[in-house]
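Residue numbers (the UniProt record's numbering), protein chains in the order written: chain A, 1 to 718; chain B, 1 to 718.
Right, one structure below, let's go through it.
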């Protein structure tokens with residue numbers, strides 16, 4: 001009996017010791033927490049050196065009750081040695097960034113490869129049926145319809161979060177909100193396979209891959225950051241947010257092999273402030289991704305060195321005359337105006353699919369069927385033997401862009417039979433023998449509403465590339481017009497002179513300007529340069545993009561992604577701001593939920609027990625007394641449990657402040673602070689909880705879930 | 001008597017009415033102040049529309065007691081109409097951004113023009129003296145010596161703040177500190193003229209123009225923002241900070257005609273967070289600047305279209321083999337290592353000039369003499385008839401860079417007489433008939449310490465371009481070596497094959513990597529691409545720059561600008577952090593000054609009078625009572641004056657809270673917040689004053705001057 005008691009006493013002492021050390025560690029980490037995001041950089045190196053000396057704390061060695069202990073131990077030892085070696089060169093997270101770039105690029109390359117195979121198969125089948133128009137029609141239409149139906153039902157059944165572009169969700173996560181559904185492995189595989197089907201449907205459905213790739217790389221980033229945290233074991237909460245920002249850059253970079261655009265995109269996608277400590281990791285990871293993508297593309301092709309994706313041959317000596325800059329500016333304004341029109345159609349369509357009962361029913365219950373029907377409709381319109389001959393519909397997206405960026409003038413070639421310079425590109429665009437303006441005009445008119453319709457398809461798809469190609473066609477149209485006018489005015493006699501008006505340059509500027517205007521970003525300007533590998537048109541492209549953006553942003557119109565965000569009711573502040581400009585300046589005090597649990601300084605065990613049972617928060621606020629409500633700080637839940645145990649074991653009636661440490665609050669908000677300020681400060685100080693107090697009296701708490709609730713509530717009023 | 005009294009009464013009533021309305025307006029603007037930086041975006045459009053309807057409030061019409069009223073009124077009317085027209089298109093500040101770009105570009109162009117003239121004059125004189133070595137020596141040495149002496153004494157006597165690069169000061173201002181001395185017009189003119197002298201001293205002194213140009217554009221930006229504020233008249237405090245961020249981008253963009261680099265530089269130069277609302281203005285202004293600069297360069301030269309500054313002719317088909325990427329990575333590491341060495345020498349030199357009594361005395365009293373002597377020394381070492389023949393010293397900086405970026409291989413040309421492809425470039429580098437490796441090695445060894453010495457010169461000068469050229473030489477050295485080895489191993493027989501190793505590509509990568517490593521930035525990678533107008537080497541250049549940066553940043557070594565910041569004791573947090581890693585994590589409570597003036601809620605006129613006489617702050621904190629010290633908010637100084645007047649006139653003993661409105665504080669800090677957090681929050685919320693309270697009790701205030709004092713005090717302990 002006595003030994004039993006001693007044993008139990010010893011056990012209890014042991015447990016209490018364990019709890020105390022855990023508590024101590026937790027408190028230590030919490031003391032660091034408020035400023036963690038900022039101080040962390042300093043501590044990095046110290047923590048690294050600590051991690052090298054503290055192998056035994058690693059979770060790799062955590063559970064020793066498993067089979068094959070000896071071999072496991074050997075493997076572990078080797079892993080630990082590897083970790084030491086890796087850690088000696090640089091922090092583990094850098095390997096994570098590199099791996100993120102490489103993995104995303106490999107995924108991107110694999111996707112391109114399989115899509116090309118599927119497209120070739122379709123084309124081969126279509127060619128074999130030459131002569132039988134009906135069979136050709138079915139081949140042309142049913143193949144994309146089936147693929148879209150498969151993509152749609154597959155993604156709907158396995159992971160409904162995988163449809164759409166993913167960029168609105170990524171933006172919301174980068175703004176600080178947790179959305180674990182969007183970062184699951186199921187989502188990744190569904191999105192990957194669904195996207196292959198979508199892209200294999202080809203230029204009839206006319207959808208791209210950028211957005212989903214940003215999403216895919218974000219998922220990879222989230223998993224890699226977990227892995228890095230597991231290996232590092234010390235700074236648990238570190239790499240999460242950082243890796244997501246980096247992943248956004250990598251997604252774009254490894255889609256096109258364009259590292260600098262990737263970083264600029266990441267800067268633009270961040271909510272309101274881009275933290276400079278992400279800058280270097282973004283560049284590093286994007287460079288890894290772009291290099292891997294280009295090397296793979298090189299090895300699969302016949303090139304001798306990594307090349308740009310859409311290499312152009314613009315004349316380098318005189319890329320454009322200085323007066324042409326005015327035309328580029330006009331093109332920018334034109335693109336801005338057309339983008340406003342496109343965005344208005346898109347918003348109307350979004351609204352229509354929600355309010356129209358038939359559409360709504362189809363889109364909620366029969367997604368596969370809907371996708372199949374829409375794809376069939378689109379494909380039958382682009383059938384090459386009917387209307388499609390005026391729309392260069394045999395071209396894939398890549399071929400379309402290449403042909404549009406061609407530096408030679410089409411119009412002169414079509415009415416000057418002696419100049420057959422680019423037969424392939426031109427044949428497709430003027431197969432009917434008509435001048436090139438007609439197919440371009442038909443393409444522009446038809447693709448506008450077809451694209452709006454395609455955007456309603458519930459499958460994983462990107463909406464950037466189609467817009468880019470559309471813009472290129474718009475630019476080409478203007479460019480061909482200018483070149484034609486120039487030729488007419490100077491006459492064909494002046495031989496070489498007119499060759500220097502390059503319609504390809506207009507196509508490039510148009511692509512950047514239109515896609516920039518639709519997404520309200522400037523990075524397409526750099527993307528246009530990086531995609532073609534030619535810097536000669538950088539300045540006019542930038543000017544066109546700036547002007548198009550200016551027009552598209554005027555009047556606080558929402559961008560394409562804003563419209564999606566608002567439609568999905570995502571708690572993304574800049575989008576909500578466009579739907580309701582007064583929203584971010586709502587005072588916090590108006591929307592704050594009543595505070596459920598708070599303790600007074602002199603709280604006894606009964607009050608503490610009640611608080612612990614009622615609340616699940618990790619930080620519980622402490623006030624001076626329930627009358628004065630003056631906020632003193634907060635206590636940790638773990639400490640309260642400790643306090644209860646202490647009181648129970650010693651059967652003493654102690655007050656809270658005699659036993660527990662009351663941690664001071666880091667930053668106090670006033671109820672007059674706006675929602676936007678609260679959001680910014682929450683992100684900046686990296687704290688999990690902000691306290692709102694008025695003249696010292698506690699009013700409420702703001703946590704990330706609370707912020708999400710506030711934004712969702714506010715957006716319901718729109 | 002009675003009328004007099006009535007009159008005086010009327011006057012008093014009028015005055016009180018005026019005070020009340022002023023006060024009301026002030027209070028209104030103050031209510032907006034705390035979140036102003038964030039909310040402002042929303043209000044912009046509304047304010048614009050207000051400004052259109054409220055002409056009469058404009059300061060342009062403020063004082064009607066001046067001569068020529070009629071003509072003035074007409075001019076004013078026209079100006080107001082112009083303002084209406086301009087404001088109808090977009091906000092006035094956009095014209096400011098455009099003007100900023102254009103003005104800076106014109107300045108940059110004018111400077112290039114005058115420097116070219118001065119350099120040509122020097123060269124002409126030197127050529128005329130051909131045959132007389134002694135006279136040539138004096139011409140070669142005294143010209144730069146005199147120019148440097150003039151630049152030095154000129155800038156010392158007129159505006160001592162104009163010496164040096166200016167980038168450390170600009171960074172400090174962008175971090176939020178006011179430094180009006182550095183933004184005066186005197187400073188601008190002194191810097192401009194001094195810089196012309198420095199640049200005209202040529203490649204013997206080996207200094208550049210980027211840094212001072214960033215400073216110059218910041219000054220122009222500050223003035224333009226004042227002008228915009230004057231015209232807008234409504235949102236007084238608006239454009240200040242914004243225009244400075246934009247100006248940093250414009251400085252770089254209009255120096256090289258490289259808009260995207262400019263924006264990336266601006267992102268990198270920001271203290272810790274880049275606000276996205278600056279992104280679009282930066283691009284817009286940088287594009288205006290770059291376009292103007294290129295157009296002016298075009299018009300002054302014979303080109304037909306705006307071209308890149310250092311146009312290269314790298315082969316586009318196979319720019320490099322994929323295995324060469326490893327060599328580029330090695331080059332990056334080499335550049336990183338050399339940059340560490342260079343930075344160590346530079347820091348030692350900075351320390352030496354401070355501690356050595358002779359240097360110290362020279363640099364404080366005889367700046368002109370010191371500059372002259374050093375320039376004479378540097379020039380005599382580079383005299384072409386002696387040591388200079390091994391250093392290509394006849395080349396200007398521009399020619400040096402052009403020759404280094406040449407895509408043809410020098411080494412093969414020097415020992416293969418039949419291949420005289422680039423006589424001019426090569427002649428200068430191997431005039432002595434020796435192989436090209438000797439002059440390159442001599443150049444690298446000599447320029448290292450010459451550059452360190454030149455950095456001590458007390459005149460307006462940039463330190464980026466020399467480093468860029470030095471890096472190009474380093475890259476060229478490796479590139480020539482690789483090309484030579486490749487030729488040796490494959491033999492000269494395989495004709496065309498070896499031509500594809502392009503030493504110019506290595507020079508480009510080296511330039512970007514070395515300058516990036518010295519300044520701890522990544523934008524030089526993009527600058528290298530934008531300067532040459534060729535995108536083919538973008539990926540290897542980026543990789544080299546990343547690796548060089550990684551090596552240079554390891555071990556928390558300060559960058560070039562950090563060393564200058566620390567030397568000048570500027571309150572720039574990221575630099576101070578490198579000198580003393582614990583500094584930013586110092587709790588605010590430790591360094592807070594005692595609070596001098598606070599009022600209690602129930603303060604009477606006597607206490608208020610005392611407070612008003614003691615303090616000059618615009619916001620005076622109010623506590624519950626002097627015993628409890630619970631903070632309630634603050635009152636405005638203007639309101640206190642009103643309160644005193646009220647009490648005096650009505651001879652009543654009232655309490656503060658009965659008359660004045662106590663404004664709630666926006667964000668409360670705790671004394672446990674670190675200095676870095678306080679700094680970030682101060683910037684983020686755009687408030688002028690932050691209150692520090694512990695458990696509701698007021699401890700102190702943090703304002704920008706207070707923050708400056710704290711940082712300066714802390715940096716004294718280093």
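Note that the Cβ used here is the ideal one computed from N, Cα and C, for glycine as well.
Could you work out which residues of chain B lie near residue i, taking near to mean beta carbons separated by less than 8 Å?
i	result
residue 664/A	670, 671, 672, 694, 695
residue 633/A	695
Between residue i and residue j, what straight-line distance do the alpha-carbon atoms span, to the nearest angstrom?
i	j	result
residue 479/A	residue 393/A	21 Å
residue 576/A	residue 703/A	19 Å
residue 203/B	residue 501/A	40 Å
residue 672/B	residue 361/A	56 Å
residue 694/A	residue 631/B	9 Å
residue 194/B	residue 212/B	10 Å
residue 132/A	residue 141/A	14 Å
residue 249/B	residue 139/A	54 Å
residue 698/A	residue 269/A	35 Å
residue 232/B	residue 549/A	24 Å
residue 177/A	residue 571/A	8 Å
residue 316/A	residue 180/A	49 Å
residue 441/A	residue 526/B	37 Å
residue 487/B	residue 88/A	38 Å
residue 78/A	residue 70/A	12 Å
residue 582/B	residue 320/A	55 Å
Can you tell me whether residue i is buried or exposed? The criterion is at least 16 other CB atoms within 10 Å of its CB, across all chains shown.
i	result
residue 358/A	exposed
residue 660/B	buried
residue 160/A	exposed
residue 594/A	exposed
residue 121/B	exposed
residue 352/B	exposed
residue 600/A	buried
Can you pull the chain A neighbours of residue i, defined as C-beta to C-beta under 7 Å?
i	result
residue 212/B	Near residue 212/B there are no residues of chain A at all, since even the closest Cβ is about 24 Å away, more than 7 Å.
Run through chain A and tell me which residues come within less than 8 Å of residue i, C-beta to C-beta.
i	result
residue 273/B	273, 274, 275, 276, 684
residue 259/B	538, 539, 542
Assuming residue i is part of the beta strand (DSSP E), what are its boundary residues?
i	result
residue 664/B	No beta strand (DSSP E) contains residue 664/B, which DSSP labels as neither H nor E.
residue 693/B	689 to 694
residue 698/B	697 to 703
In the DSSP assignment, find the alpha helix (DSSP H) that holds residue i and state where it starts and stops.
i	result
residue 232/A	210 to 232
residue 156/A	133 to 158
If the cut is a Cβ gap below 9 Å, which residues of chain B does residue i touch?
i	result
residue 144/A	In chain order: nothing, as chain B lies at least about 35 Å away.
Going along chain A, which residues have a C-beta under 9 Å from residue i?
i	result
residue 667/B	667, 668, 669, 670, 673, 677, 681
Show which residues of chain B have a CB atom less than 7 Å away from the CB atom of residue i.
i	result
residue 322/A	295, 298, 305, 306
Q. The region 499 to 524 of chain B: which residues have C-beta closer than 8 Å to a C-beta of chain A, in chain order?
A. 522
Q. Taking Cβ-Cβ distances below 8 Å as the criterion, which residues of the region 534 to 545 of chain A are in contact with chain B?
A. 534, 535, 536, 538, 539, 542, 543
**Q.** Contact set between the region 279 to 298 of chain B and chain A, restricted to residues whose Cβ is under 8 Å from the partner
**A.** 279, 280, 283, 284, 287, 290, 291, 294, 295, 298
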